[in-house]
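Visitor: Just dropping this structure here.
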Amino acid sequence: VNPLEEGQIIADLASDEAFEGYLNRPEATAKALRDGWYFTGDIGYFDLEGDLFVTGRVDDLIITGGEHVSPAEIENMLSLHPAVEEVVVVGLPDEQWGKIIAAFIKLRAEVSECDLDAHCIASGLAKFKRPRRYQFIDQIPKSPVGKVLRRVLLAQFQEQALKAIS
857 VNPLEEGQII ADLASDEAFE GYLNRPEATA KALRDGWYFT GDIGYFDLEG DLFVTGRVDD
917 LIITGGEHVS PAEIENMLSL HPAVEEVVVV GLPDEQWGKI IAAFIKLRAE VSECDLDAHC
977 IASGLAKFKR PRRYQFIDQI PKSPVGKVLR RVLLAQFQEQ ALKAIS
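Our numbering numbers the first residue of the sequence shown as 857 and each following residue consecutively.
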């Protein structure tokens, strides 16, 4: 991978101190350890000085129309809008695209979806990466240590969608 190009982080397991696997989790070990390499599940890039930056998780990648999209890129860009307090980007199932980009946003000030889309365009975000859906929410679910719980957020959204249909 070239500098500044995002890719999956994979570590060489040649040393004696290398990771040997997950305790009592053979399936996870088989997924992570392959041919002497440890697939961390992280995505990142090297800067021009050779420092590694972790930008997200492989499991969080959104595949939309055959393109792999990192939620972190969109979250970072949307978080720069003054009306956005917090944002989480996920993929919602879609028959045509596989998944569509959806932004769940906790606001600090009122803003329209059109304003947010204009912000995406002005920032140079590629069209296929722009959210097709914005959902304004009061609270973003997090673990006790502050990690965003994407699966909980998706489950809450799907539950609300089912209630709206009934």
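Backbone N, C-alpha and C fix where the C-beta goes; we use that ideal spot for every residue, glycine too.
What residues match up with Phe924 in a beta bridge as DSSP calls it?
Guide: Along the sequence shown, one-based indexing puts residue 924 at 68. Correcting the residue identity first, residue 924 is His in this sequence and not Phe. Beta-bridge pairing links His924 to Ile919.
Visitor: Given a cut-off of 8 Å, decide if Glu931 and Val945 are closer than it, judged by their beta-carbon atoms.
Guide: Counted from its first residue, the sequence shown places residue 945 at position 89. Counted from its first residue, the sequence shown places residue 931 at position 75. Cβ distance < 8 Å, so Val945 and Glu931 count as in contact.
Visitor: State whether the segment 911-926 contacts the segment 887-902, with contact taken as three or more CB pairs (one from each stretch) at a distance under 8 Å.
Guide: The answer is yes - the segment 887-902 touches the segment 911-926, with three or more Cβ pairs under 8 Å.
Visitor: Tell me, to the nearest whole angstrom, how far the beta carbon of Gln995 is from that of Ala958; I am working on the premise that it is less than 8 Å.
Guide: For this step, residue 995 is matched to residue 139 along the sequence shown. For this step, residue 958 is matched to residue 102 along the sequence shown. At roughly 17 Å, the Cβ-Cβ gap does not stay under 8 Å, so Gln995 and Ala958 are not in contact.
Visitor: Based on the DSSP secondary-structure assignment, which residues constitute the bridge partners of Trp893?
Guide: Locating residue 893 in the sequence shown gives position 37, counting from the first residue. In DSSP, Trp893 forms a bridge with Asp868 and Arg890.
Visitor: Should the segment 977-993 be regarded as contacting the segment 932-951, the criterion being three or more beta carbon pairs within less than 8 Å?
Guide: Touching, yes, given that three or more Cβ pairs across the two stretches are closer than 8 Å.
Visitor: Whole angstroms are fine: how far does the CA of Leu889 sit from the CA of Arg881?
Guide: In the sequence shown, the residue the question calls residue 881 occupies position 25. In the sequence shown, the residue the question calls residue 889 occupies position 33. Each residue's Cα considered, the two are about 12 Å apart.
Visitor: Let me confirm a value: Ile919 is counted as buried when at least 16 other C-beta atoms fall within 10 Å, else exposed. Which label applies?
Guide: If you number the sequence shown from 1, residue 919 lands on position 63. Ile919 comes out exposed.
Visitor: In this structure, how does DSSP classify Val943 when only helix, strand and coil are distinguished?
Guide: Here residue 943 refers to the residue found at position 87 when the sequence shown is read from its first residue. Three-state result, Val943: strand.
Visitor: For Leu908, is the classification buried or exposed, using 16 other Cβ atoms within 10 angstroms of its Cβ as the cut-off for buried?
Guide: Translated into the one-based positions of the sequence shown, residue 908 becomes position 52. Under this definition Leu908 is an exposed residue.
Visitor: I need the DSSP call for Leu1005, collapsed to helix, strand or coil.
Guide: Mapped onto the sequence shown, residue 1005 falls at position 149. Correct three-state label for Leu1005: coil.
Visitor: I'd like the list of long-range same chain contacts for Val910, defined as Cβ closer than 6 Å, with 5 residues on each side in sequence excluded.
Guide: Here residue 910 refers to the residue found at position 54 of the sequence shown. Cβ within range, chain order: Asp898 and Gly900.
Visitor: Give the DSSP-derived three-state secondary structure of Asp973 in the structure shown.
Guide: Position 117 of the sequence shown, counted from the first residue, corresponds to residue 973. Helix.
Visitor: With 16 as the cutoff for other CB atoms within 10 Å, does Pro987 come out buried or exposed?
Guide: Against the sequence shown, residue 987 aligns to sequence position 131. Its Cβ being crowded by 16 or more others within 10 Å, Pro987 is buried.
Visitor: Can you give me the C-alpha to C-alpha distance between Lys954 and Gly921, rounded to a whole angstrom?
Guide: Position 98 of the sequence shown holds residue 954. Position 65 of the sequence shown holds residue 921. Reading off the sequence shown, one finds Gly at residue 954, where the question assumed Lys. So the alpha carbons of these two residues sit roughly 6 Å apart.
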